[in-house]
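Only one structure is covered here, and it is reproduced in the block below.
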Amino acid sequence: MSLLRVMMEHIMTFHLALNMAGAVSAGAYTAGVLDFLIEALDEWYDARETQRALHGDDFESWTIPAHEVKLDVLSGASAGGMCAAISAVALQEIFDHVHQTESPMGNRLYESWVRSIDILPLLGTADLPPAHSLLDSTPVAKIAVTAIASQAGREKKREWVAERLRVILTLSNLRGIPYSVNEANAGSFEERIAYHADRVDFTIPGADWAALRTAAMATGAVPVMLAAQTIERARAEYENRLWNDCGSISKIPPAWDDSVVPPRFENVYVDGGVTNNNPFECAREALAQAAGNGGRNPRAGREANAAVITIAPFPGEEPFDPAYDASKQSELPNVLKALISTLVSQSRFQGEDLRLTKDPDVLSRFAIAPVDNSVQDLPALLCGSLGAFGGFIDQKFRDRDYQLGRRNCQQFLRKHLAMPEGNAAIGTGVSPAVQDEYSFVENGTRWYPVIPLMPSLRGKIPALPRDEFKTTEARLEQVASAAAGRLKAVLHALAEHHAAWSLLLSVLFDLGGSAKVKGVILDLLTDDLKATGQV
Numbered sequence: 009m010s011l012l013r014v015m016m017e018h019i020m021t022f023h024l025a026l027n028m029a030g031a032v033s034a035g036a037y038t039a040g041v042l043d044f045l046i047e048a049l050d051e052w053y054d055a056r057e058t059q060r061a062l063h064g065d066d067f068e069s070w071t072i073p074a075h076e077v078k079l080d081v082l083s084g085a086s087a088g089g090m091c092a093a094i095s096a097v098a099l100q101e102i103f104d105h106v107h108q109t110e111s112p113m114g115n116r117l118y119e120s121w122v123r124s125i126d127i128l129p130l131l132g133t134a135d136l137p138p139a140h141s142l143l144d145s146t147p148v149a150k151i152a153v154t155a156i157a158s159q160a161g162r163e164k165k166r167e168w169v170a171e172r173l174r175v176i177l178t179l180s181n182l183r184g185i186p187y188s189v190n191e192a193n194a195g196s197f198e199e200r201i202a203y204h205a206d207r208v209d210f211t212i213p214g215a216d217w218a219a220l221r222t223a224a225m226a227t228g229a230v231p232v233m234l235a236a237q238t239i240e241r242a243r244a245e246y247e248n249r250l251w252n253d254c255g256s257i258s259k260i261p262p263a264w265d266d267s268v269v270p271p272r273f274e275n276v277y278v279d280g281g282v283t284n285n286n287p288f289e290c291a292r293e294a295l296a297q298a299a300g301n302g303g304r305n306p307r308a309g310r311e312a313n314a315a316v317i318t319i320a321p322f323p324g325e326e327p328f329d330p331a332y333d334a335s336k337q338s339e340l341p342n343v344l345k346a347l348i349s350t351l352v353s354q355s356r357f358q359g360e361d362l363r364l365t366k367d368p369d370v371l372s373r374f375a376i377a378p379v380d381n382s383v384q385d386l387p388a389l390l391c392g393s394l395g396a397f398g399g400f401i402d403q404k405f406r407d408r409d410y411q412l413g414r415r416n417c418q419q420f421l422r423k424h425l426a427m428p429e430g431n432a433a434i435g436t437g438v439s440p441a442v443q444d445e446y447s448f449v450e451n452g453t454r455w456y457p458v459i460p461l462m463p464s465l466r467g468k469i470p471a472l473p474r475d476e477f478k479t480t481e482a483r484l485e486q487v488a489s490a491a492a493g494r495l496k497a498v499l500h501a502l503a504e505h506h507a508a509w510s511l512l513l514s515v516l517f518d519l520g521g522s523a524k525v526k527g528v529i530l531d532l533l534t535d536d537l538k539a540t541g542q543v
């Protein structure tokens with residue numbers, strides 16, 4: 009028996025987790041990445057079925073890679089969490105993928121992130137009174153009802169999806185869970201802290217779609233902008249939660265009085281990105297468990313058998329600005345503006361995670377980030393403008409970034425998500441026919457893609473010119489008018505229940521006038537979008 013036959017008789021499975029960082033409207037980019045990734049896996053597994061029908065387990069005769077991949081975990085925060093929830097449903101069914109010349113049918117990712125979401129419905133007043141947020145959240149609820157629900161007649165079982173797929177979403181718990189910092193004096197109020205970084209964990213299939221839907225809306229509830237969500241939790245969820253303390257897994261019970269805390273209680277949640285905008289550790293720990301790796305996934309090229317792929321629409325900071333004016337930036341308006349971006353950026357990556365992700369010798373974690381080499385000195389994403397709310401202004405922005413996500417994912421699968429020759433799960437015992445077509449050599453080492461691209465998906469996905477995806481001044485005028493109307497309606501609703509808000513309403517609209525407010529909003533929109541060449 010040949011060495012290849014001996015190696016092939018052993019199960020060769022590479023385990024994957026997809027971790028999706030927060031993105032606001034750039035969820036359109038994340039959705040595009042997911043679209044191509046699912047298409048690539050489906051095409052490969054369809055080809056595997058053909059090879060099995062022709063050659064059975066005679067893997068030496070196969071003309072495509074015969075190893076297997078298993079998707080075990082989806083994790084996400086904010087818009088990434090919403091993408092994770094929608095993907096969990098989409099993975100259970102047939103759907104068309106988004107090619108530039110075709111109109112997809114039943115694609116929940118595209119429908120939710122490109123077609124259905126738009127700024128004008130978000131500036132409606134269907135949710136008033138009372139006021140829960142600056143934007144009307146009812147359109148988001150309608151999208152969630154459609155996107156996160158099963159559809160009879162379109163079921164599809166994917167062999168590359170784990171039998172028990174875990175979906176982990178981070179949430180920011182405004183109520184907080186009390187913990188003691190001094191067990192010897194746990195009853196002292198001064199020795200307690202409230203922990204607000206929360207999460208929910210689902211298993212697919214078998215999850216309650218309604219519960220997943222609410223959790224998805226909660227993780228995407230940008231504070232103040234979108235309505236907070238109420239979720240009922242079980243006390244046991246917190247009492248049995250496992251914590252990773254420097255590699256040691258243990259339980260840390262909350263510091264509460266069992267006689268006071270009921271078995272189930274309600275918490276109010278907002279955007280998971282506030283406390284954890286990149287839940288890599290959630291995905292890593294769950295993947296290590298699913299892959300049988302204990303508490304840590306092997307990192308070296310020969311041993312790696314599992315990897316977390318992080319989709320990060322905003323992976324880094326602005327480049328170092330040598331003209332930075334510290335005296336000007338210390339003024340209150342600039343400090344407040346910088347503080348928001350600081351908190352968001354810091355929640356995306358921890359230093360150790362960033363170091364390991366960039367280390368070429370660590371093959372248990374990878375990242376996909378926006379790349380558009382056709383432009384210089386401009387952000388790759390159109391949806392990144394206006395504090396990442398820019399994509400909601402015009403569908404053209406979302407369409408373009410969705411396609412950029414597909415393009416970037418194709419390049420990522422082709423040249424980056426790969427294991428070296430000799431890897432126990434993929435690179436050992438590969439037939440010469442497969443080696444010639446499904447590998448590449450870089451710096452003297454032969455590499456094998458974890459998810460090989462079938463011939464139908466190798467054609468270059470073109471970069472769409474930014475100049476063809478601009479909004480108009482008339483559109484911005486329409487948005488500014490709607491925004492001024494929405495702001496006035498929100499302040500009226502607040503004044504009905506909180507008299508102090510009537511003063512702000514008077515100052516902004518009675519003294520300043522609606523036209524003045526609209527003009528300020530229009531100037532903000534125009535200046536920001538002109539700076540990025542989007543109008």
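Per the working numbering, the sequence shown starts with residue 9, numbered consecutively. A virtual CB, placed ideally from N, CA and C, is assigned to each residue, including glycine. Model, not experiment: these values are computed from the prediction.
Check the C-beta distance from residue i over to residue j and give it rounded, since I have them as a contact under 8 Å.
i    : j    : result
P321 : T38  : 6 Å
V282 : S180 : 4 Å
R408 : L394 : At roughly 16 Å, the Cβ-Cβ gap does not stay under 8 Å, so R408 and L394 are not in contact.
D279 : V343 : Not confirmed; about 22 Å, so no contact.
P73  : P460 : 5 Å
V189 : L79  : With a Cβ gap of about 38 Å, V189 and L79 do not count as contacting.
A488 : K526 : 5 Å
A294 : V81  : 4 Å
T453 : P428 : 5 Å
G228 : H204 : Rounded, the Cβ-Cβ distance is 17 Å, inconsistent with contact.
L173 : I212 : 4 Å
M479 : K404 : For the record, residue 479 in the displayed sequence is Thr; it is not Met. Indeed, because the Cβ distance is near 7 Å, the residues count as touching under 8 Å.
Could you check if residue i is buried or exposed, using at least 16 other CB atoms within 10 Å of its CB as the buried criterion?
i    : result
W455 : buried
T318 : buried
S145 : buried
N27  : buried
W121 : buried
W52  : buried
F420 : buried
S33  : buried
V268 : exposed
M482 : At residue 482 the sequence reads Ala, which differs from the Met that was named. Flag for A482 reads exposed.
L250 : exposed
P457 : buried
I201 : exposed
S514 : exposed
E119 : buried
I554 : Here the chain comprises residues numbered 9 to 543, so residue 554 is not present and cannot be evaluated.
L234 : buried
E47  : buried
S439 : buried
M20  : buried
L62  : exposed
A308 : exposed
V498 : buried
E325 : Below a pLDDT of 50, predicted positions are generally treated as unreliable, and E325, at 49, falls in that range; no measurement from the model is reported.
G467 : exposed
H23  : buried
Q418 : buried
S258 : exposed
I102 : exposed
D43  : buried
Y332 : exposed
F273 : exposed
Which residues does DSSP pair with residue i in a beta bridge?
i    : result
T21  : E76
M427 : Y456
I239 : N275
Y203 : I185
F210 : V175
I260 : Beta-bridge pairing links I260 to no other residue.
A375 : T318
V449 : R454
**Q.** Contact between the region 405-414 and the region 432-451 (3+ Cβ pairs under 8 Å)
**A.** Contact fails: fewer than three Cβ-Cβ distances are below 8 Å.
Q. Taking the runs of the beta strand (DSSP E) that are 3 residues or longer, which of them lie wholly in the region 20-53?
A. 21-28
(Q) Report the start-end ranges of each beta strand (DSSP E) in the region 285-346 that is 3 residues or longer and not cut off at the edges. (A) Listed in chain order, they are 314-319.
Q) Where in the region 81-109 do unbroken runs of the alpha helix (DSSP H), each at least 4 residues long, occur, reported from the N-terminal end onward? A) As far as the region 81-109 is concerned, its whole alpha helix (DSSP H) runs of at least 4 residues are 87-98.
(Q) Pairs of beta-carbons, one from the region 122-139 and one from the region 76-95, closer than 8 Å: are there three or more? (A) no
Q. Is there contact here, the region 218-226 with the region 137-156, by at least three beta-carbon pairs under 8 Å?
A. yes
Q. Is the region 507-514 close to the region 367-384, with three or more CB pairs under 8 Å?
A. no
Q.
Is it the case that the region 488-508 contacts the region 134-145, given that we only count it when at least three CB pairs across the two stretches are under 8 Å?
A. yes
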